[in-house]
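First up is the structure itself, then whatever we jot down about it.
Numbering (this note's numbering), first residue to last: 8 to 101.
Here is the structure:
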């Protein structure tokens, strides 16, 4: 039976996933909302920053990896390579 006590983890807030990068999307772009919701969702998952990986392809929305402050390097790749990066990362970190 699991105890309701969390291990010595500090609770992360949305602000913990924000970077110092200037967000460069067109005014009114829906990517602003997606970024905000991802930051909020990550903070509510109760996981450490080291457990998040951001992989993106090409295009404006792919800049999201630079606007998410997660542990490690954000993977920004060509469209067809996102899945292979993700798969290889999952295989190396079970």
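Glycine included, each C-beta is placed from N, C-alpha and C at the ideal position.
Quiz item: Can you name the residues that DSSP bridges to residue 75?
Solution: When beta bridges are read from the DSSP output, residue 75 appears opposite 25.
Quiz prompt | Opening and closing residue of the alpha helix (DSSP H) in which residue 41 lies | solution = For residue 41, the enclosing alpha helix (DSSP H) has its first and last residue at 38 to 51.
Quiz prompt | residue 24 vs residue 60 beta-carbon contact at 7 Å | solution = No. Outside cutoff.
Practice problem: Tell me whether the beta-carbon of residue 65 lies closer than 7 Å to the beta-carbon of residue 42. | Solution: No, the Cβ-Cβ distance between residue 65 and residue 42 is not below 7 Å.
Quiz item: What number of angstroms, rounded off, separates the C-alpha of residue 18 from the C-alpha of residue 49?
Solution: Put simply, the backbone Cα of residue 18 is about 11 Å away from that of residue 49.
Practice problem: Using beta-carbon positions only, say whether residue 69 and residue 38 come within less than 7 Å of one another. | Solution: Not in contact: residue 69 and residue 38 (Cβ atoms no closer than 7 Å).
Exercise. Go through its chain and collect everything with a Cβ distance to residue 32's Cβ below 7 Å, but skip five positions before and after it.
Key: Taken in chain order, the residues that qualify are 38, 39, 67.
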